[in-house]
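**Q**
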Amino acid sequence: MPRMGALGLLAVVGTVPACQDVPLDHPAPATAPTLTVDASQSWAYVRLGDSAQVIRVAQPRASTEWDLAFYATSVVLNGGAAGPGQVVGACLCLNQNLPLDRLRTLTPDNQLASFLAADERSLPAADTAWKQEVLRPAIDGWYRYDAATHTVTPAADRTWKVRLADGVAYAKLRVIAIDGATRTSPGRVTLEYAVQASAQEGFGPTTRRILDPTVGHVFLDLRTGTPGSGGGWDLWLDGYALRLNGGVSGSGRAAAALADRPYEDVISAADLPPQAYASDTYGGVFATHRWYRYNITGTDHQIWPTYDIYFVRRGAAVWKIQIIGYYNDRGEPRFVTFRYARLRG
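Quick note on the working numbering: the sequence shown kicks off at 1 and runs consecutively.
#1: Between 342, 335, 306, which lies nearest to residue 100 when the distance is taken from Cα to Cα?
#2: Can you name the start and end residues of the alpha helix (DSSP H) that residue 188 belongs to?
#3: Indicate whether the contact test is met: 3 or more Cβ pairs, each with one atom in the segment 283-298 and one in the segment 69-83, closer than 8 Å.
#4: Return the first residue and the last residue of the alpha helix (DSSP H) that residue 288 is part of.
#5: Short of 7 Å in beta carbon distance, which residues of its chain neighbour residue 83, apart from the five on each side in sequence? Order them along the chain.
#6: Along the chain, which unbroken stretches of the beta strand (DSSP E) at least 3 residues long are found entirely within the segment 200-260?
#7: Between residue 47 and residue 71, what straight-line distance do the alpha-carbon atoms span, to the nearest angstrom?
#8: Consider the C-beta atom of residue 249 and the heavy atoms of the ligand COA; say whether any pair is separated by less than 8 Å.
#9: How far does the alpha helix (DSSP H) with residue 113 in it extend, from its first residue to its last?
#10: Is residue 189 buried or exposed, if buried means 16 or more other CB atoms sit within 10 Å of its CB?
#11: Could you compute how far the alpha carbon of residue 215 sits from the alpha carbon of residue 265?
#12: Measure the alpha-carbon distance for residue 24 versus residue 294 and round it to whole angstroms.
#13: In three-state DSSP terms, what is residue 127?
#14: Pairs of beta-carbons, one from the segment 244-259 and one from the segment 97-116, closer than 8 Å: are there three or more?
#15: Just to confirm my understanding: we take residue 343, look at its own chain, exclude 5 residues before and 5 after, and list those with CB closer than 6 Å. What are they?
#16: Please classify residue 234: is it buried, with 16 or more other beta-carbons within 10 angstroms of its beta-carbon, or exposed?
#17: On the three-pair Cβ rule with 8 Å, is the segment 325-341 touching the segment 131-142?
#18: Just the Cα atoms here: how many angstroms apart are residue 249 and residue 243?
#19: To which residues of the same chain is residue 30 closer than 7 Å at the C-beta, ignoring the five residues directly before and after it?
#20: Note down, in chain order, each residue of its chain lying with its Cβ closer than 6 Å to the Cβ of residue 21, except the 5 sequence neighbours on either side.
#21: Only counting the same chain, and skipping five residues up and downstream in sequence, which positions put a Cβ closer than 6 Å to that of residue 263?
#22: Taking C-alpha atoms, which residue in 211, 182, 201, 131 lies nearest to residue 176?
#23: Have a look at residue 132 and residue 66 and give me their C-alpha separation to the nearest angstrom.
#24: Among all the DSSP beta bridges, which residues are the ones paired with residue 55?
#25: According to DSSP, simplified to helix, strand and coil, what is residue 271?
#26: Out of 240, 134, 207, 241, point me to the one whose CA is closest to residue 226's CA.
#27: Grab me the residues of residue 69's own chain with a C-beta within less than 6 Å of its C-beta, minus the 5 sequence neighbours each way, in chain order.
#28: Using the Cβ count rule (16 or more neighbours within 10 Å means buried), how would you classify residue 95?
#29: So, with DSSP's three-state summary, where would you put residue 104?
#30: Here's the rule: buried if 16 or more other CB atoms are within 10 angstroms of the residue's CB, otherwise exposed. What is residue 352?
#31: For the beta strand (DSSP E) containing residue 333, name the first residue and the last one.
#32: How big is the Cα-Cα spacing for residue 164 and residue 171?
#33: Indicate the three-state DSSP secondary structure (helix, strand or coil) for residue 307 in the structure shown.
#34: If you draw a straight line from the alpha carbon of residue 290 to that of residue 231, how long is it in whole angstroms?
#35: In or out: residue 316 buried (at least 16 other Cβ within 10 Å) or exposed?
Below, the structure is given as structure tokens:
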């Protein structure tokens, strides 16, 4: 497991106030409870408490039972676009600017003291320091809003290369018409696209389809050109968000990249490296202040925790969390271990 270096003075990056010394007559406990989450195959949902636990959640976007969720390196809080729990987070970013050679020497043991030292006096006073989750769709900027005329028009000059939900087929896609837009809905959205059955094949014919929320047609299977259902969809018009069946929006493998040329000049949607295609994500405190660094030696291709401390608030209750591991005892990835403690409520 990757290791990082010992922390000296407890310093804070950003708007969170610095920790004060723990009073000698109230010594902090010498240990903190931990939980390891199997985040290898799908989202794993955690409910915090005096004892944190992994729970099953059938409909996470409608459930208040969970507080945070893990999948691979992603961490999401149940609030904002991610769920109705009104959970928010803040970061005590102790190690954000550490040089890589120091980062390599940090360990769960030598970072325990900084975790234990964080108390209620470390919490941010400003409400703006607490962040909820916002949706970051991979297909963004597909329309333009004119503040002077209050009109919404398609950004037809922008084309996306899309990997479909099956992970095999690809498409090039753009929005060419918007009709009946309101403040909360774009109305009828006309898509123009062509599908590649596989990365080795060329595009099929260009097709046009309309997503119309007024009649419930908001999901689309690009291969068949029919409204999607269940898991059989690639695109989902969710208000002004054009979501893909992948990442935080679905169980598929759909992802997209903005093309660097007009629609007519795109001859393949599968010609980019895999990492160029982005899935839908959420942007909360764990996305703004990433809890890890990758491949810091240049050859290890490993996940290295930064041991930053995160505060998670649900109503009057506040917990502190420090992610300390990404690998299990067999060296398998996506087994996330974090220590936690309740600070308030």
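All C-beta atoms, glycine included, are put in the ideal place defined by N, C-alpha and C.
**A** Here's the rundown:
#1: One-based indexing of the sequence shown puts residue 100 at position 100. Out of 342, 335, 306, 306 has the C-alpha closest to the C-alpha of residue 100.
#2: Translated into the one-based positions of the sequence shown, residue 188 becomes position 188. Membership of residue 188 in any alpha helix (DSSP H) is not indicated; the residue belongs instead to the beta strand (DSSP E) covering 188-196.
#3: yes
#4: Reading the sequence shown from its first residue, position 288 is the one you call residue 288. Start and end: 285-288.
#5: Taking the first residue of the sequence shown as position 1, residue 83 is located at position 83. The answer, listed in chain order, is 60, 61, 63.
#6: 207-211, 235-238, 241-244, 255-258
#7: Translated into the one-based positions of the sequence shown, residue 47 becomes position 47. Translated into the one-based positions of the sequence shown, residue 71 becomes position 71. Cα to Cα, residue 47 sits roughly 15 Å from residue 71.
#8: For the structure depicted, the ligand COA is absent and the ligand set is empty, with no information on it obtainable.
#9: Translated into positions along the sequence shown, residue 113 becomes position 113. Note, residue 113: alpha helix (DSSP H), 112-117.
#10: In the sequence shown, the residue the question calls residue 189 occupies position 189. Residue environment for residue 189: buried (at least 16 other C-beta atoms within 10 angstroms of its C-beta).
#11: Walking along the sequence shown from the start, residue 215 turns up at place 215. Walking along the sequence shown from the start, residue 265 turns up at place 265. Their backbone Cα atoms lie some 34 Å apart in a straight line.
#12: Counted from its first residue, the sequence shown places residue 24 at position 24. Counted from its first residue, the sequence shown places residue 294 at position 294. Here the model assigns residue 24 a pLDDT of 39, short of 50, so the residue's position is not dependable, and the following value carries that caveat. Distance between the alpha carbons of residue 24 and residue 294: 38 Å.
#13: On the sequence shown, residue 127 is found 127 positions in, with the first residue counted as 1. DSSP places residue 127 in helix when its eight states are reduced to three.
#14: When Cβ pairs closer than 8 Å are counted between the two stretches, the segment 244-259 is seen not to touch the segment 97-116, the count staying below three.
#15: Taking the sequence shown and counting its residues from 1, one reaches residue 343 at position 343. Cβ within range, chain order: 120, 318, 320.
#16: As a working mapping, residue 234 is identified with position 234 in the sequence shown. It is buried - the Cβ of residue 234 has at least 16 other Cβ atoms within 10 Å.
#17: Between the segment 325-341 and the segment 131-142, the count of Cβ pairs shorter than 8 Å is below three; the stretches do not touch.
#18: For the purposes of this step, residue 249 is taken as residue 249 along the sequence shown, with counting starting at 1. For the purposes of this step, residue 243 is taken as residue 243 along the sequence shown, with counting starting at 1. Going by the C-alpha atoms only, they are around 6 Å apart.
#19: On the sequence shown, position 30 is the one that residue 30 refers to. The answer is none, since no qualifying residue turns up.
#20: What you label residue 21 is simply residue 21 of the sequence shown in a count that begins at 1. Low local confidence applies: a pLDDT of 44 at residue 21 is under 50, so the model's placement there is unreliable, with the coordinate-based value given in what follows. Contacts found: none.
#21: Against the sequence shown, residue 263 aligns to sequence position 263. Excluding sequence neighbours, residue 263 sits near 159, 174.
#22: Against the sequence shown, residue 176 aligns to sequence position 176. In terms of CA proximity to residue 176, 211 leads the group 211, 182, 201, 131.
#23: Taking the first residue of the sequence shown as position 1, residue 132 is located at position 132. Taking the first residue of the sequence shown as position 1, residue 66 is located at position 66. For residue 132 and residue 66, the distance between alpha carbons rounds to 15 Å.
#24: Numbered from its first residue, the sequence shown carries residue 55 at position 55. Paired residue(s): 45.
#25: Start at 1 with the first residue of the sequence shown, and residue 271 comes out as number 271. Three-state result, residue 271: coil.
#26: Numbered from its first residue, the sequence shown carries residue 226 at position 226. Of the candidates 240, 134, 207, 241, the one whose C-alpha sits nearest the C-alpha of residue 226 is 207.
#27: To locate residue 69, count along the sequence shown from 1; it is residue 69. Correct list, in chain order: 43, 45, 76.
#28: Taking the first residue of the sequence shown as 1, we reach residue 95 at position 95. It counts as buried.
#29: Locating residue 104 in the sequence shown gives position 104, where the first residue counts as 1. Reduced to three states, the DSSP call for residue 104 is coil.
#30: In this structure the chain extends from 1 to 345, so residue 352 is not present and cannot be described.
#31: Indexing the sequence shown from 1 puts residue 333 at position 333. Residue 333 -> beta strand (DSSP E) spans 333-344.
#32: In the sequence shown, counting from the first residue as 1, residue 164 sits at position 164. In the sequence shown, counting from the first residue as 1, residue 171 sits at position 171. Using only the alpha carbons, I get a separation of about 7 Å.
#33: For this step, residue 307 is matched to residue 307 along the sequence shown. Looking at residue 307 - three-state DSSP - the assignment turns out to be coil, as it is neither helix nor strand.
#34: Residue mapping note: residue 290 aligns to position 290 of the sequence shown, counting from 1. Residue mapping note: residue 231 aligns to position 231 of the sequence shown, counting from 1. In this model, residue 290 and residue 231 are separated by some 30 Å (Cα to Cα).
#35: For the purposes of this step, residue 316 is taken as the residue at position 316 of the sequence shown. Burial call: exposed.
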